[in-house]
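Quick mapping for you: the protein sequence lines, in order, are chains A and B. Take the first sequence: its letters are residues 1208 to 1493, numbered as in the working numbering. Take the second sequence: its letters are residues 154 to 514, numbered as in the working numbering.
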Amino acid sequence: MTRRILPFLSPALLALLLFVAFPMVWVFRTSFNELAEGAYIVEAMTLENYTRFLTEPWYLVNTLWFSVRIALLATAISVICAYPVALYIAKTSGLQRNVLMALTMAPLLIGLVTLVYGWIVIFRGGGLMNSLMIALRVYDQPVRYMWDIKGVVILLVYIGTPYIVLSLLDSIERINPFLVEAARNVGANRWTAFWKIVFPLSTPGLYAGLVIVFSLNFAAFAVPLMIGDSNTQMIGLVIYREALLNNDLPFASALSVIMVSVNALLILGMSALAGRLILSRLEAKR
Amino acid sequence: MSNDSIQVEGITKRYGAMTAVDNVSFDVGQGEFVSLLGPSGCGKTTTLRMIAGFVDPSGGLLRVRGRDVTHLPPEKRDLGFVFQNYALWPHMTVAENVAFGLKLRKKNRNFIRDKVAEALTTTGLSGYENRLPRQLSGGQQQRVALARALALEPQVLLMDEPLSNLDRALRVTMRRELKELQARMKMTTLYVTHDQEEALSMSNRVVIMNKGQVEQVAAPFELYENPATGFVADFVGITNFLGGIVTSAEGGGVEVKLGSGQMLRAVTKQPVALGTKVRALIRPERVTLKTTAADGDNILTGQVVLAEYFGALLRYSVRLDSGDILRAEVHNFDSFIESGSRVWICVSPEHLRLIPDERNA
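So, in structure tokens, the structure goes:
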């Protein structure tokens, strides 16, 4: 069986090997190299690059923890935005559904650069965002969104939400509508029925969406580069600066390894938590 | 007006141009078991779902225990409901499923524990508390669904084809248990089914629905013996229909001239006007077959075209001389009539029912 499907898989396997496994091994190896005189990469076996980052509280707080916080915040807001959309789309069909799906997917179909130009119009001093917020009396002086972390979070939410809508939709559509009726019948109002029935049963989709969007946000590079201020400490951007501006590939590699490891640890943590809370009950018998 | 009852008054549900439920009225008395019976798509489930509050009626009035619930949300109606597909919450254990409604009512923990245990004992599920629904068989899941409804001690229980997903043997067992339980707890019950056997054997009264309308509301015996319409006669049991015109009506005796020219005599309770087009109904088990010439009222002659032996009964299909096919069932027999034999069929006037011929009325 395995031998028979191998020829069909091999182009994909080859691509994975070439473009994922090989660069990862290379990055991992480079992270132990040394930078001599601030310019030359010297083959070595040193933990210097790691200790430089991990023993420096400024990096830990202002880069690593900052990136985790921003990623979590943007992911959380995406989830809050995505639930009502997914719940609504799940109830539609036909043309209405196609239109709504297209609208939801739109942010993913427009190129990032076009997207950012659009948001500049919205974000700038006298732009749509400030006019609206001032008109709604949320605040009375224009607030800075461009070249600021606020703008970064908003754009990460904007890009992340469609992914969560998609994966939630899949879970929500699998929920038998009679389960909600059964809850209403024994005395649950709409809100309670959502929290006790729909929400727990949608967690597999929520979890899948969280993992994707958190990872995207945590490693975000283009959005902080284009919207953030020049000193934004999102870890993806820091790696870019170290690698291409400071030419310190070993340090950039070490940061990459740390980023991937922290991401993996956080996802494993989420997975363990989700498994304990609910997934173990929903999964079919093995 | 009885307190523990359901009153349905002219309830209607339209979906665009389609009328799913059309001006339906009936009531269910306290402790009564009433079935809504009809073919699929007749509006019986929509009617039940309107009573439960899952579907908003387009018109009409619903009262439960004297209270107008027509536009009340489902959670405010205090009705038990058992779903066809059980609708158990897959992420909750059996005990959690049963306890859910009690928890929402903020009962204390001991009270909830006792009620859950009681409901599970009643439905024969003690020991299954910590199982998840997917770890149970269909029959067990149905019992959990029932326990979940019973734990709240509803005065009124609604059931939507609760047995239709079970295999036949289990269905018969569950049917008896359900009826016993309902009688013991004296719960007012409205039961939707498309299975006439279920409806006839369990119910005090049956509401027959067709195309969104009520055809007849009657006790099972009455329904079978005195169907009000051709639909009821045809849907409940097997019936032979013979079309004709009333040629004489004196007192309780009516004479009908069939299309073939043959005369049939019937005894009717309702007066019938002369010249009315009617259909004469003959139940297959109400006829006697003879292989020798017979005399008297209502003798039809024909030839056996099919004879089927089922052990306890014999089924014959007879082609009458008029060309109509008549089905006959014989339960007490000593001999077997061969296919092809000429037979004389007798129907006593008391067993002949007449209904107006609504087909071209």
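C-beta: ideal position from N, C-alpha, C; glycine also.
Is the CB of residue i under 8 Å away from at least one CB in chain A?
i                     : result
residue 154 (chain B) : At residue 154 (chain B) the pLDDT is 47, less than 50, meaning the model places this residue with poor confidence; the figure from the coordinates comes in the next sentence. No - not a single Cβ of chain A is within 8 Å of the one on residue 154 (chain B).
residue 306 (chain B) : no
residue 264 (chain B) : no
residue 227 (chain B) : yes
residue 258 (chain B) : yes
residue 447 (chain B) : no
residue 169 (chain B) : no
residue 253 (chain B) : yes
residue 514 (chain B) : Caution is warranted here: a pLDDT of 43 is assigned to residue 514 (chain B), below 50, making its placement in the model unreliable, and no coordinate value can be reported.
Mind checking residue i: buried by the 16 CB within 10 Å criterion, or exposed?
i                      : result
residue 1215 (chain A) : exposed
residue 1366 (chain A) : buried
residue 1305 (chain A) : exposed
residue 1388 (chain A) : buried
residue 467 (chain B)  : buried
residue 423 (chain B)  : exposed
residue 196 (chain B)  : buried
residue 514 (chain B)  : Here residue 514 (chain B) scores only 43 on pLDDT, less than 50, and its place in the model is too uncertain to base an answer on.
residue 1278 (chain A) : buried
residue 1431 (chain A) : buried
residue 1252 (chain A) : exposed
residue 154 (chain B)  : Low per-residue confidence applies at residue 154 (chain B): pLDDT is 47, beneath 50, and the placement is therefore not dependable enough to give any value.
residue 1320 (chain A) : exposed
residue 1328 (chain A) : exposed
residue 229 (chain B)  : exposed
residue 1536 (chain A) : Within the shown structure, residues of chain A are numbered from 1208 to 1493, placing residue 1536 (chain A) beyond reach of any answer.
residue 250 (chain B)  : buried
Pop quiz: residue i and residue j are said to be a contact at Cβ under 8 Å. What is the actual Cβ separation, rounded to whole angstroms?
i                      : j                      : result
residue 431 (chain B)  : residue 380 (chain B)  : Residue 431 (chain B) to residue 380 (chain B), Cβ: 13 Å. No contact.
residue 186 (chain B)  : residue 355 (chain B)  : 6 Å
residue 361 (chain B)  : residue 394 (chain B)  : In fact, because the Cβ distance is near 17 Å, the residues do not count as touching under 8 Å.
residue 1393 (chain A) : residue 253 (chain B)  : 6 Å
residue 200 (chain B)  : residue 189 (chain B)  : 6 Å
residue 405 (chain B)  : residue 421 (chain B)  : 6 Å
residue 367 (chain B)  : residue 297 (chain B)  : Not really, about 33 Å apart at Cβ, beyond 8 Å.
residue 494 (chain B)  : residue 444 (chain B)  : 6 Å
residue 1410 (chain A) : residue 1288 (chain A) : Wrong, their Cβ atoms sit about 18 Å apart, outside the cutoff.
residue 111 (chain B)  : residue 294 (chain B)  : Outside the shown range of chain B (154 to 514) lies residue 111 (chain B), about which nothing can therefore be said.
residue 1238 (chain A) : residue 1457 (chain A) : 6 Å
residue 117 (chain B)  : residue 310 (chain B)  : No information on residue 117 (chain B) is available, as it lies outside the stretch 154 to 514 that chain B covers here.
residue 1376 (chain A) : residue 244 (chain B)  : Not a contact, Cβ separation roughly 19 Å.
Check the Cβ-Cβ distances between residue i and every residue of chain B, and say whether any is below 8 Å.
i                      : result
residue 1386 (chain A) : yes
residue 1485 (chain A) : yes
residue 1413 (chain A) : no
residue 1493 (chain A) : Residue placement at residue 1493 (chain A) is poorly supported in this model, since its pLDDT is 35, which falls under 50; the coordinates are not used for a value here.
residue 1489 (chain A) : yes
residue 1438 (chain A) : no
residue 1395 (chain A) : yes
residue 1391 (chain A) : yes
residue 1453 (chain A) : no
Going by CA-CA distance only, name the one from the options that's closest to residue i.
i                      : options                        : result
residue 274 (chain B)  : B:299, B:253, B:286, B:260     : B:299
residue 1235 (chain A) : A:1487, A:1464, A:1306, A:1489 : A:1464
residue 1249 (chain A) : A:1455, A:1480, A:1469, A:1213 : A:1455
residue 1484 (chain A) : A:1406, A:1469, A:1461         : A:1406
residue 413 (chain B)  : B:396, B:403, B:168            : B:396
residue 231 (chain B)  : B:204, B:213, B:214            : B:204
residue 340 (chain B)  : B:323, B:288, B:183, B:427     : B:183
residue 483 (chain B)  : B:499, B:476, B:477, B:475     : B:499
residue 440 (chain B)  : B:338, B:490, B:306, B:505     : B:505
residue 1295 (chain A) : A:1285, A:1307, A:1421, A:1286 : A:1307
residue 407 (chain B)  : B:314, B:433, B:382, B:335     : B:433
residue 1468 (chain A) : A:1224, A:1425, A:1357         : A:1425
residue 478 (chain B)  : B:469, B:225, B:386            : B:469
residue 474 (chain B)  : B:452, B:437, B:492            : B:452
For the ligand SAM, is there a heavy atom less than 7 Å away from the beta-carbon of residue i?
i                     : result
residue 396 (chain B) : Inclusion of the ligand SAM in the displayed structure is not the case, the ligand content being empty and no account of it being possible.
Practice problem: Give the residues from the stretch 236-250 of chain B that approach chain A closer than 7 Å (Cβ to any Cβ), ordered along the chain. | Solution: 236, 238, 240, 242, 243, 244
Exercise. Give the residues from the stretch 1399-1410 of chain A that approach chain B closer than 8 Å (Cβ to any Cβ), ordered along the chain.
Key: 1399, 1403, 1404, 1407, 1408
Quiz prompt | chain A contacts made by the stretch 279-307 of chain B, where a contact means CB separation under 9 Å | solution = 285, 287, 288, 298, 301, 302, 304, 305
Practice problem: Could you run through the stretch 1296-1329 of chain A and flag, in chain order, every residue whose CB is less than 9 Å away from some CB of chain B? | Solution: none
Quiz prompt | Chain-ordered residues of the stretch 206-234 of chain B with a beta carbon less than 9 Å from chain A | solution = Residues 206, 207, 226, 227, 228, 229, 230, 231, 232, 233, 234.
Quiz item: When you check each C-beta in the stretch 1249-1275 of chain A against every C-beta of chain B, which residues fall closer than 8 Å?
Solution: none
Practice problem: Taking only beta carbons into account, state which residues of the stretch 1363-1385 of chain A come closer than 7 Å to chain B, listed in chain order. | Solution: 1383, 1385
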